[in-house]
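Residues in the sequence shown are numbered consecutively from 1, following my numbering.
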Amino acid sequence: MTAFKSINQSLGRVLAALGRPVAVFLKDAGHGLLEISHNSLALVGLAVVAVSLFFAGRQDLRHALEERAFDWLQSRQEARVEIDPAPVSLLVALAERDAVGRATAADPSGLDRQQAAIAWWISRRYHVAPEPVSRLVQEAWSVGRRAKLDPTLILAIMAIESSFNPFAQSSVGAQGLMQVMTRLHDDKYEVFGGNHAAFDPVTNLRVGVQVLKECIARAGSLEGGLRYYVGAANLPDDGGYAGKVLAEQAHLRSVAAGRAIPVTAPLIVAPASVPVTVPVNEAPKPSDQLMPEVAAGEPGQHMALR
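Listed below in structure tokens is the structure:
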């Protein structure tokens, strides 16, 4: 028993003696690998810098490398198309680079302060995209200046007539943004290519403004012109149409003036006994760009209905 214990002690001393060099070896090996790793990373970094400087000075090699990379990316794209060609080939077959030219849209950031304020307010109030509304606001300013009509009046009519739906049609056949009676004013659409132009928002706006201008000239007043426009000239009342248009115009004029008008603001129409008036000779400041409402132009041929 004593001999066996002695053997175990001797074996333990031998193992302990052998463990110290092994531990030292492993420690030294670890430090060596760490140094090699650091040096390798440094070498890789220097190599990258050297290659970058080399290619920066060799434009021909840089272009060659770019072409090879482009060819590789293109081959990858072609491989993806071969795997599932339907979606891409469909878009290619239907692609029209000029399609954006048909869009009635403008960037709201390209408008002046008044126009942008009105465009964003209309967009939120009538749940329509700001880009097409911005284009219509621009057109209302341009056409209103030519027709000597306040652009906010034009926009208010669109709001009441169609809620800015360019494809709207009434039960009696009034069509488009301004709800013009296309069959009665087909002569006005001839210069725009025909009656189907009634569904082009900009064309409908232009024709509608001409009809409105003729209505005001025939009636001799803005309110009377609106009655003609809605086809109520020979009726006892217009169902509050003129009052709604002028109430919405008042909102738009307030927005243009920088006042905070809730998009849920109701159309407060004055009682029939109290005439609703809008200044017709109010000369706006140049910064306003709001045109005064004046009656101008000669009566047209189709004034009973818009």
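All C-beta atoms, glycine included, are put in the ideal place defined by N, C-alpha and C. All values derive from a computational prediction rather than experimental measurement.
Given Ala197, which residues of its chain have a CB within under 7 Å of its CB, disregarding the five upstream and five downstream residues? Only Tyr189 and Thr203 meet the Cβ criterion.
Check your understanding: Quick one: what does DSSP say Val263 is sitting in, helix, strand or coil?
Key -> Of the three classes helix, strand and coil, the one that applies to Val263 here is coil, per DSSP.
Checklist line | DSSP three-state assignment for Met178, whether helix, strand or coil | finding: Met178 falls in the coil class under three-state DSSP.
| message | Taking its Cβ as the centre, do 16 or more other Cβ atoms sit within 10 Å of Ala156, making it buried, or is it exposed? | response | The residue is buried, with at least 16 neighbouring Cβ atoms inside 10 Å.
Looking only at its own chain, which residues have a Cβ that is under 6 Å from the Cβ of Ala272, when we skip the five neighbours before and after it? At Ala272, the pLDDT of 49 sits below 50, so the modelled position is not reliable; the number obtained from the coordinates is stated separately. Shown here for Ala272: not one same chain residue has a beta carbon closer than 6 Å to its own, the five before and five after excluded.
Legend entry - Cβ-Cβ distance between Val211 and Gly240 below 8 Å: No, these two residues do not count as a Cβ contact at 8 Å.
**OP:** Just confirm the distance between the C-beta atoms of Leu153 and Gln249, as a whole number of angstroms; I'd bet it's less than 8 Å.
**Re:** Rounded, the Cβ-Cβ distance is 5 Å, consistent with contact.
Alpha carbon to alpha carbon, how far is Asn187 from Gly144? In the sequence under discussion, the amino acid at residue 187 is Asp, which differs from the Asn named in the question. Rounded to the nearest whole angstrom, the CA to CA distance from Asp187 to Gly144 is 21 Å.
- With a cut-off of 8 Å, do at least 3 Cβ pairs link the region 92 to 111 to the region 130 to 148? At 8 Å Cβ cutoff, the stretches touch.
Can you check whether the CB of Leu111 is closer than 8 Å to the CB of Ser134? Their beta carbons are under 8 Å apart, which means Ser134 touches Leu111 by this criterion.
*Looking at C-alpha atoms only, which residue of Glu96, Ala95, Glu131 and His185 is the closest neighbour of Gly208?*
Ranking Glu96, Ala95, Glu131 and His185 by CA distance to the CA of Gly208 puts His185 first.
Short of 6 Å in beta carbon distance, which residues of its chain neighbour Trp121, apart from the five on each side in sequence? Order them along the chain.
Excluding the 5 residues flanking it on each side, Trp121 has same chain C-beta neighbours closer than 6 Å at Val255, in chain order.
**Request:** Select from Gly220, Ile261, Thr182 and Glu161 the residue whose C-alpha is nearest the C-alpha of Asn195.
**Result:** Distances from the alpha-carbon of Asn195 to those of Gly220, Ile261, Thr182 and Glu161 put Thr182 closest.
(Q) As a quick exercise: from Ser89, Pro151 and Gln114, pick the residue whose alpha carbon is nearest that of Ala260. (A) The residue among Ser89, Pro151 and Gln114 with its C-alpha nearest the C-alpha of Ala260 is Gln114.
- Item | Every unbroken alpha helix (DSSP H) inside the region 220 to 267 [4 residues or more] | Taking only runs of at least 4 residues, the alpha helix (DSSP H) segments lying wholly in the region 220 to 267 are 222 to 229 and 241 to 256.
Given a threshold of 16 other Cβ atoms within 10 Å of its Cβ, counted over all protein chains shown, does Ser89 qualify as buried or as exposed?
By the 10 Å Cβ count, Ser89 comes out exposed.
**Q.** Straight-line gap, Pro132 to Val172 (C-alpha atoms, nearest Å)
**A.** Taking the straight line joining both Cα atoms gives about 27 Å.
Continuous alpha helix (DSSP H) stretch holding Gln114: start and end
For Gln114, the uninterrupted alpha helix (DSSP H) segment begins and ends at Arg113 to Tyr126.
Burial state of Pro262 (16 or more Cβ within 10 Å): With fewer than 16 other Cβ atoms from the protein chains shown falling within 10 Å of its own Cβ, Pro262 counts as exposed.
Let me check one thing: in DSSP terms, what residues is Gln169 bridge-paired to? According to DSSP, Gln169 bridges with Gln175.
Rounding to the nearest angstrom, what Cα-Cα distance links Ala247 and Ala159 in this structure? Approximately 11 Å, taken between the alpha carbons.
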